[in-house]
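Colleague:
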Amino acid sequence: MDNYFELVKSISPDRIALIEDGTVYTYGKLVALAEKMSVEITSKRAVYIIQEKSVLNQLILFLACNATGIIPVIVPSDIKVLPDIDIKNVPKNVCMAVMTSGTTGMPKILYRTYKSWADFFPVQNKIFGIDEKSILFVQGSLAFTGNMNLYMAQFYAGGVVVAENKFNPKRWAYIIEKENINTIYLIPSKLKLLPNIIKKPYYNIKSVLTGSQSLGGEDAKKLKKIFPNADIILYYGSSELSYITYVKDKDMCSKKNLIGKPFPEVEVFIHDGRIYAKSNFHAEGIKCPYALPDNGHMDSEGNLYFDGRSDDTVNIHGRKVSLTRIENELEKFEEIHEAVVIFTEEDGKGILVAFVDVCQSFKDKNNILHQLRKSVAHYEMPSKIIVLDKMFYNESGKKDKKKICELYKTSSLFQ
Numbered sequence: 000m001d002n003y004f005e006l007v008k009s010i011s012p013d014r015i016a017l018i019e020d021g022t023v024y025t026y027g028k029l030v031a032l033a034e035k036m037s038v039e040i041t042s043k044r045a046v047y048i049i050q051e052k053s054v055l056n057q058l059i060l061f062l063a064c065n066a067t068g069i070i071p072v073i074v075p076s077d078i079k080v081l082p083d084i085d086i087k088n089v090p091k092n093v094c095m096a097v098m099t100s101g102t103t104g105m106p107k108i109l110y111r112t113y114k115s116w117a118d119f120f121p122v123q124n125k126i127f128g129i130d131e132k133s134i135l136f137v138q139g140s141l142a143f144t145g146n147m148n149l150y151m152a153q154f155y156a157g158g159v160v161v162a163e164n165k166f167n168p169k170r171w172a173y174i175i176e177k178e179n180i181n182t183i184y185l186i187p188s189k190l191k192l193l194p195n196i197i198k199k200p201y202y203n204i205k206s207v208l209t210g211s212q213s214l215g216g217e218d219a220k221k222l223k224k225i226f227p228n229a230d231i232i233l234y235y236g237s238s239e240l241s242y243i244t245y246v247k248d249k250d251m252c253s254k255k256n257l258i259g260k261p262f263p264e265v266e267v268f269i270h271d272g273r274i275y276a277k278s279n280f281h282a283e284g285i286k287c288p289y290a291l292p293d294n295g296h297m298d299s300e301g302n303l304y305f306d307g308r309s310d311d312t313v314n315i316h317g318r319k320v321s322l323t324r325i326e327n328e329l330e331k332f333e334e335i336h337e338a339v340v341i342f343t344e345e346d347g348k349g350i351l352v353a354f355v356d357v358c359q360s361f362k363d364k365n366n367i368l369h370q371l372r373k374s375v376a377h378y379e380m381p382s383k384i385i386v387l388d389k390m391f392y393n394e395s396g397k398k399d400k401k402k403i404c405e406l407y408k409t410s411s412l413f414q
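All residue numbers for the sequence shown refer to numbering that gives the first Met the number 0, where the first residue is 0 and numbers rise by one.
1) Hey, how far is the Cα of LYS221 from the Cα of SER241?
2) Under a three-way DSSP split, which group does PRO261 fall into?
3) Using the Cβ count rule (16 or more neighbours within 10 Å means buried), how would you classify THR103?
4) Can you give me the C-alpha to C-alpha distance between ASN279 and SER360, rounded to a whole angstrom?
5) From the DSSP output, in three-state form, read off VAL89 for me.
6) Give the straight-line distance between the Cα atoms of LYS91 and GLU39, rounded to the nearest whole angstrom.
7) Closer than 8 Å is the cut-off here; do at least three beta carbon pairs connect the segment 270-289 with the segment 360-376?
8) With a cut-off of 8 Å, do at least 3 Cβ pairs link the segment 56-64 to the segment 248-261?
9) Are the CB atoms of TYR245 and ILE232 nearer to each other than 7 Å?
10) Do PHE4 and LEU62 have their C-beta atoms closer together than 7 Å?
11) Compute the Euclidean distance between the alpha carbons of GLY301 and LYS260, then round it to the nearest angstrom.
12) Checking the sheet assignment: what are the DSSP bridge partners for GLY277?
13) Between which two residues does the beta strand (DSSP E) carrying SER241 extend?
14) What is the rounded straight-line gap between the Cα of LYS191 and the Cα of SER37?
15) Do ASN65 and ASN2 come within 7 Å of each other at the CB atom, strictly closer than that value?
16) Identify, in the order they occur along the chain, each residue of the same chain with its Cβ nearer than 7 Å to the Cβ of GLY424, setting aside the five sequence neighbours on each side.
17) State yes or no: is the C-beta of ASP399 within less than 7 Å of the C-beta of TYR407?
18) HIS281: buried (16+ other C-beta within 10 angstroms of its C-beta) or exposed?
19) Is ASP459 near SER321, with beta carbons less than 7 Å apart?
20) Looking at the strands, I want to know which residues DSSP matches up with PRO71.
21) Under the DSSP definition of a beta bridge, which residues are partnered with THR182?
22) Can you find the residues in the same chain that come closer than 7 Å, C-beta to C-beta, to LYS8, ignoring five residues on each side of it along the sequence?
23) When the Cα atoms are used, what is the spatial distance from ASP130 to GLN123?
24) Buried or exposed, going by whether 16 or more other CB atoms sit within 10 Å of the CB of PRO381?
25) Apart from the five residues just before and just after ALA16, which ones in its own chain have a Cβ nearer than 8 Å to its Cβ?
26) How about TYR304 and GLY295: do their beta carbons lie closer than 7 Å?
27) Distance, Cα to Cα, LYS224 vs THR409?
28) Provide the residue(s) that pair with MET380 in DSSP beta bridges, ordered along the chain.
29) Closest to ILE385 by CA distance: which of PHE268, SER213, VAL357 and HIS377 is it?
30) Thinking C-alpha only, which one of PHE136, TYR150, ILE315 and LEU371 is nearest ALA117?
31) Grouping DSSP H, G and I as helix and E and B as strand, with all else coil, what is TYR173?
32) Is it buried or exposed, ARG111, if we count other Cβ atoms within 10 angstroms and call 16 or more buried?
33) Which of the three DSSP states, helix, strand or coil, is assigned to MET36?
34) Taking the C-alpha atoms as reference points, what is the distance between GLY272 and TYR378?
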């Protein structure tokens, strides 16, 4: 097997594969739709850029490309400038490409063989509790590599994916009950909304998977109240290397930057404060050990802690300051749902500005600043806190720091 069209075609055609916004598609239906679409795209270029809003359209085009030997890459539907692809540099034997989120510099295209994901599916599926009986709830675009990977891992197992396109937590809660969901995958910012909506325990949820952001012990406890039989699993990974480390709720602690121990067949070490990883399951052209764009440290038991992205560390008065650490400290306050800290210049000097998405109990930002002084140094203190009506996210569901920075510099609302 060399691609994901062949994978989907190998599953019994009568099995349910996807339920998108309430509409049911069997494995056979996905194959038929992909074969029909493949006729329309055979004359397209060797790398086909997919820019669609609906998950179904993204998926069918992706499978259609695989059916015809064209390399698909799904990109966010809202980006204005499409990636520049040099056909001469496309590696041989790859079946797909992904676009990185571009949190550190410009987004880039990474190419993958079928085996670089599929050969690791048995390992990750065992840890994540995914099998042929899994009914996996996922929300959001397949341009987000985490979503794409888990779709294909679920299809590998012969399970069902229940997908919602829109950001509507109340509907998610309804669908989780209606479709007898037993596995959930949402990034932390979305996952943390569920305890505020779901008021009774759902005992059939066996796994709650999350990644890309921090999740601490207190967050896990809230999730265990509504999903008492579930393993809450936070993973750390990258588009270049796939999964790197993971931690389950029983091992989570008050430190939200704990991201666990390495997956089987993955090696992790720290050099000069930078996270390095070695894995056989990586994108083409990646040489291991690979230096991730993230800082971290390990404790004596081999647990990895995320200390922020390399470009998330700024220099203030000759001292290195981690913006991620300040965000984590702010998010410890019960009144604050999420926080973003940026470094900017005003009146010729560098300052920190915090943006917070708050709960209804939030009253006084001056009190937050007063309490924050107890946990961060004076040079780490934000000059001001700006309360947002809602947090800004990119299509992957991650906090959109770039947009917040741009708005702060250009909008009078934030001054």
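Glycine included, C-beta positions come from ideal geometry on N, C-alpha and C. Every value quoted in this text rests on a predicted model; they were computed, and no experiment measured them.
Modeller: Result, derived from the coordinates:
1) For the purposes of this step, residue 221 is taken as residue 222 along the sequence shown, with counting starting at 1. For the purposes of this step, residue 241 is taken as residue 242 along the sequence shown, with counting starting at 1. Going by the C-alpha atoms only, they are around 28 Å apart.
2) In the sequence shown, residue 261 corresponds to position 262, counting from 1. PRO261 falls in the strand class under three-state DSSP.
3) The count along the sequence shown starts at 1 and reaches residue 103 at position 104. Residue placement at THR103 cannot be trusted, given a pLDDT of 44 that sits under 50; what the coordinates show is reported in the next sentence. By the neighbour-count rule (16 or more Cβ atoms within 10 Å), THR103 is not buried but exposed.
4) To locate residue 279, count along the sequence shown from 1; it is residue 280. To locate residue 360, count along the sequence shown from 1; it is residue 361. So the two alpha carbons sit approximately 48 Å from each other.
5) The residue given as residue 89 occupies position 90 in the sequence shown. Here VAL89 sits in coil by DSSP.
6) Residue 91 sits at position 92 when you count from the first residue of the sequence shown. Residue 39 sits at position 40 when you count from the first residue of the sequence shown. Rounded to whole angstroms, LYS91 and GLU39 show a C-alpha spacing of 24 Å.
7) Counting C-beta pairs closer than 8 Å gives fewer than three between the segment 270-289 and the segment 360-376, which falls short of the contact rule.
8) Result no; under three Cβ-Cβ pairs closer than 8 Å.
9) Along the sequence shown, read from residue 1 onward, the residue named residue 245 stands at position 246. Along the sequence shown, read from residue 1 onward, the residue named residue 232 stands at position 233. Yes, Cβ-Cβ distance for TYR245 and ILE232 is below 7 Å.
10) If you number the sequence shown from 1, residue 4 lands on position 5. If you number the sequence shown from 1, residue 62 lands on position 63. For PHE4 and LEU62, yes; Cβs fall inside 7 Å.
11) By 1-based counting over the sequence shown, the position of residue 301 is 302. By 1-based counting over the sequence shown, the position of residue 260 is 261. Inter-residue distance for GLY301 and LYS260 is about 6 Å (C-alpha atoms, whole angstroms).
12) Here the question's residue 277 lines up with position 278 in the sequence shown. Note on identity: in this sequence residue 277 is Lys, with Gly being the wrong assignment. Per DSSP, GLU266.
13) Position 242 of the sequence shown, counted from the start, is the residue given in the question as residue 241. Start and end: 241-247.
14) Working through the sequence shown from its first residue, we reach residue 191 at position 192. Working through the sequence shown from its first residue, we reach residue 37 at position 38. Taking the Cα positions, LYS191 is about 39 Å away from SER37.
15) Taking the first residue of the sequence shown as position 1, residue 2 is located at position 3. Taking the first residue of the sequence shown as position 1, residue 65 is located at position 66. Yes, they are a contact pair.
16) The displayed coordinates of the chain run from 0 to 414. Any statement about residue 424 would go beyond what the structure contains.
17) Along the sequence shown, one-based indexing puts residue 399 at 400. Along the sequence shown, one-based indexing puts residue 407 at 408. No, they are not a contact pair.
18) In the sequence shown, residue 281 corresponds to position 282, counting from 1. Label assigned to HIS281: buried.
19) Within the shown structure, residues of the chain are numbered from 0 to 414, placing residue 459 beyond reach of any answer.
20) Translated into positions along the sequence shown, residue 71 becomes position 72. Looking at the DSSP assignment, PRO71 forms a beta bridge with TYR47.
21) Taking the sequence shown and counting its residues from 1, the one referred to as residue 182 is at position 183. For THR182, DSSP records a beta bridge to LEU135 and SER206.
22) Taking the sequence shown and counting its residues from 1, the one referred to as residue 8 is at position 9. Cβ-Cβ distances below 7 Å link LYS8 to VAL30 in the same chain, with the five nearest sequence neighbours on each side left out; the list follows chain order.
23) Here the question's residue 130 lines up with position 131 in the sequence shown. Here the question's residue 123 lines up with position 124 in the sequence shown. Each residue's Cα considered, the two are about 11 Å apart.
24) Position 382 of the sequence shown, counting from 1, holds the residue named residue 381. Buried: at least 16 other Cβ atoms inside 10 Å.
25) In the sequence shown, counting from the first residue as 1, residue 16 sits at position 17. For ALA16, same chain residues with a beta-carbon under 8 Å away, outside a window of 5 residues either side, are VAL7, ILE10, TYR24, THR25, TYR26, LYS28, LEU29, PHE154, VAL159 and VAL160 in chain order.
26) What you label residue 304 is simply residue 305 of the sequence shown in a count that begins at 1. What you label residue 295 is simply residue 296 of the sequence shown in a count that begins at 1. Against a cut-off of 7 Å, the Cβ pair of GLY295 and TYR304 comes out as a contact.
27) Translated into the one-based positions of the sequence shown, residue 224 becomes position 225. Translated into the one-based positions of the sequence shown, residue 409 becomes position 410. Computed Cα separation, rounded: 43 Å.
28) If you number the sequence shown from 1, residue 380 lands on position 381. Beta-bridge pairing links MET380 to no other residue.
29) On the sequence shown, residue 385 is found 386 positions in, with the first residue counted as 1. The shortest C-alpha separation from ILE385 is found at VAL357.
30) As a first step, residue 117 must be located in the sequence shown, where it is residue number 118. If you compare the alpha carbons of PHE136, TYR150, ILE315 and LEU371 with that of ALA117, the shortest gap goes to TYR150.
31) Stepping through the sequence shown from its first residue, residue 173 is reached at position 174. In the displayed model, TYR173 falls within a helix according to three-state DSSP.
32) Residue 111 sits at position 112 when you count from the first residue of the sequence shown. The residue in question, ARG111, is buried, as its Cβ has 16 or more Cβ neighbours within 10 Å.
33) Stepping through the sequence shown from its first residue, residue 36 is reached at position 37. Looking at MET36 - three-state DSSP - the assignment turns out to be helix.
34) Translated into positions along the sequence shown, residue 272 becomes position 273. Translated into positions along the sequence shown, residue 378 becomes position 379. Taking C-alpha positions only, GLY272 is separated from TYR378 by approximately 21 Å.
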